Amino acid sequence: MAPTTAVQRRIPGVDAARGLALLGMIATHLLGLVSADGTEPTIVGLVFAGKSSALFATLAGVGLALLTGGAGRTGAPHRGPLLGWDRRRVAIRALMLFVLGLACGSLDMNVAVILAQYALLFLVALPFLHLGARALAAWAIGWVLFSPVLASLLSAAMQSAVGSTAYVDGWRLWSNPNLIDLVSQPGLLAWDLLFSGYYPVLQWFGYVLFGLFLGRLRLDRMRVAAVLAAGGAALAAVAFLLSRGLQQWPEVASALATGTGAGTRALEAELLTGASLSTESVQHLPVWFTLATPHSGAPLDLLLTCGTSALVLGVCLLLTQIVRGVLVWPLMPLIGAGALPLTLYVGHLVALDVFETATADWPRLGLLLAYWVGCLVAGTLWRGFGWKGPLEWLVATVSGTLAGPRP
1 MAPTTAVQRR IPGVDAARGL ALLGMIATHL LGLVSADGTE PTIVGLVFAG KSSALFATLA
61 GVGLALLTGG AGRTGAPHRG PLLGWDRRRV AIRALMLFVL GLACGSLDMN VAVILAQYAL
121 LFLVALPFLH LGARALAAWA IGWVLFSPVL ASLLSAAMQS AVGSTAYVDG WRLWSNPNLI
181 DLVSQPGLLA WDLLFSGYYP VLQWFGYVLF GLFLGRLRLD RMRVAAVLAA GGAALAAVAF
241 LLSRGLQQWP EVASALATGT GAGTRALEAE LLTGASLSTE SVQHLPVWFT LATPHSGAPL
301 DLLLTCGTSA LVLGVCLLLT QIVRGVLVWP LMPLIGAGAL PLTLYVGHLV ALDVFETATA
361 DWPRLGLLLA YWVGCLVAGT LWRGFGWKGP LEWLVATVSG TLAGPRP
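Mapping of the sequence shown onto the UniProt record's numbering: residues 1 to 407, in sequence order.
Pasting the structure below:
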């Protein structure tokens, strides 16, 4: 879903990473994150929960950076009229994605749709599109570290003003944002999207800034890819181990169990996967800052998922640079799927709704494999013929037309 242009040379490693993010999100939509009794995390919960969607958002930032000049010999951040044209295109794409996201929110399926928040992230990114790598690195670090602090202070103020239960239960949609919400409760919709929902823009913009920084690097160099992979792994490991170490303190463990209402046996699995864990009820407390739990939005969660995003991107860049030419063909289905993520993401949401009854008795793993194979086959065909995805083509065409001629 990252913006692209026809003249922009695609980076196979970025597309491969985006393809992995797409497959990971589909896995979390179809398979459980914890065991049937809720006491053990599943492989899907450990590997994909929170990490796939964070990678998706990070790659949105990478795509925006590449759209607005990239880095190195082939480009630099755009300036002047060209930057203004870029911003108009991104803003128009964001508006289209927002409407599409609200429309998808009306589908009958148990999936937290990210498109409306994704669109807002594009809009918030507009003032940052002219920045170089150093400035973006500073902004990304500051946002990842301090936006959770602001979120915690905001939660504390709201819970103090209206009551904890009233805020946690009443200041969130607890469903996908949709077109009806836009008309009937626009204030609650805005609050959910920005602060209290599943993908709060306040914290998630840190991923876009991080991606913008990554996109300003020389992603065509193996050394850069290796540093991303190693640095990402180290960052993720430090964040995870720090969280686990803090949670070994009896006072912390007790406060988490009491604040979240999770049972003793289930708490461990929920901390690792985020499944059914009500972190909103402890967001205003110091114990929240010990969490690296997926979708908690706490600092360690953001650091861990920035690390895993850099790791996956670095590995994908390394693989596609090592196996060039005909040797890259085994990765083509993944690269192709990553080049039409909007079409495949929306397509799988529609399929989950339309075929819910028809696939109700299917083994969930078999259903997941069917969706994965469908995405990879589509990616292979579209890449083989050199096509754009239908929705990618529509968004690019409309935004390019309405933005006016390229300066």
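Heads up, the beta-carbon is just placed ideally off N, CA and C, and yes, glycines get one too. In this text, all values refer to a predicted model and were calculated from it rather than measured experimentally.
On the criterion of 16 or more Cβ atoms from any shown chain inside 10 Å, does residue i qualify as buried, or is it exposed?
i              : result
glutamate 280  : buried
isoleucine 114 : buried
leucine 145    : exposed
valine 7       : Unreliable positioning characterises valine 7 in this predicted model, as indicated by a pLDDT of 33, which lies under 50. The coordinate reading is nonetheless provided below. Classification for valine 7: exposed.
arginine 18    : buried
serine 53      : buried
alanine 76     : exposed
arginine 10    : exposed
valine 373     : exposed
glutamate 356  : exposed
leucine 267    : buried
threonine 4    : Below a pLDDT of 50, predicted positions are generally treated as unreliable, and threonine 4, at 39, falls in that range; the measurement from the model is reported next regardless. Under this definition threonine 4 is a buried residue.
serine 296     : buried
tryptophan 143 : buried
alanine 140    : buried
Would a C-beta distance cut-off of 9 Å place residue i and residue j closer than the cut-off?
i             : j                 : result
arginine 172  : glycine 197       : yes
glycine 404   : arginine 88       : yes
leucine 209   : valine 201        : no
alanine 236   : threonine 308     : yes
valine 14     : leucine 66        : yes
alanine 230   : glycine 314       : yes
leucine 340   : alanine 378       : yes
valine 90     : leucine 131       : no
leucine 33    : alanine 275       : yes
glycine 232   : leucine 302       : no
leucine 342   : valine 395        : yes
tyrosine 207  : alanine 60        : yes
leucine 150   : phenylalanine 122 : no
threonine 68  : aspartate 86      : yes
glycine 215   : valine 62         : yes
leucine 120   : leucine 391       : no
threonine 273 : threonine 42      : yes
In this structure, what does DSSP give as the bridge partners for residue i?
i          : result
valine 398 : According to DSSP, which records beta bridges pairwise, valine 398 is partnered with nothing at all.
valine 34  : Pro41
For residue i, report the span of its alpha helix (DSSP H) as first-last.
i                : result
lysine 388       : Neither: lysine 388 is in no alpha helix (DSSP H) and is coded neither H nor E.
residue 409      : Since the displayed the chain opens at 1 and closes at 407, residue 409 lies outside it and no answer follows.
residue 408      : The question about residue 408 has no answer, for the chain in this structure spans 1 to 407.
threonine 343    : 341-354
tryptophan 143   : 133-162
glycine 211      : 201-215
leucine 115      : 115-125
tryptophan 191   : 186-191
glutamine 283    : Glutamine 283 -> no alpha helix (DSSP H), and no H or E assigned at all.
phenylalanine 56 : 51-67
arginine 87      : 80-104
Go through its chain and collect everything with a Cβ distance to residue i's Cβ below 7 Å, but skip five positions before and after it.
i                 : result
leucine 102       : Ala116, Pro177, Asn178, Leu179, Leu182
phenylalanine 289 : Ala298, Pro299
leucine 107       : Leu349, Val350, Asp353
serine 243        : Thr290, Leu291, Ala292, Leu300
arginine 406      : Trp85
tyrosine 167      : Met158, Gln159
alanine 253       : Gln247
tryptophan 387    : none
tryptophan 191    : Trp171
Using a Cβ-Cβ cut-off of 9 Å, state whether residue i counts as contacting chain B.
i          : result
alanine 57 : Protein chains in the displayed structure number just one, and chain B is not present.
Keeping to the same chain, check which residues put their C-beta closer than 6 Å to that of residue i; ignore five residues upstream and five downstream.
i              : result
serine 155     : Gln283, His284
methionine 109 : Leu352, Asp353
leucine 304    : Ala236, Ala239, Phe240, Ala292
valine 398     : none
histidine 29   : Val111
alanine 257    : Leu267
proline 12     : Thr320, Ile335
cysteine 306   : Phe210
Keeping to the same chain, check which residues put their C-beta closer than 8 Å to that of residue i; ignore five residues upstream and five downstream.
i             : result
isoleucine 92 : Val398, Ser399, Leu402, Ala403
alanine 16    : Cys316, Leu319, Thr320, Leu331, Leu334, Ile335, Gly338
glutamate 270 : Val34, Gly38, Thr260, Ala262, Ser276, Leu277, Thr293
leucine 365   : Leu31
leucine 344   : Leu22, Ala337, Cys375, Ala378, Gly379, Gly389
glycine 80    : Pro407
leucine 368   : Ile26, Ala27, Leu30, Leu31
valine 44     : Ala27, Thr28, Leu31, Gly32, Leu33
leucine 189   : Leu173, Pro177, Asp181, Leu182
leucine 95    : Ala119
With a threshold of 8 Å (Cβ to nearest heavy atom), would residue i be considered close to the ligand SAM?
i           : result
leucine 182 : In the structure on display, the ligand SAM does not appear, and there are no ligands present to speak of.
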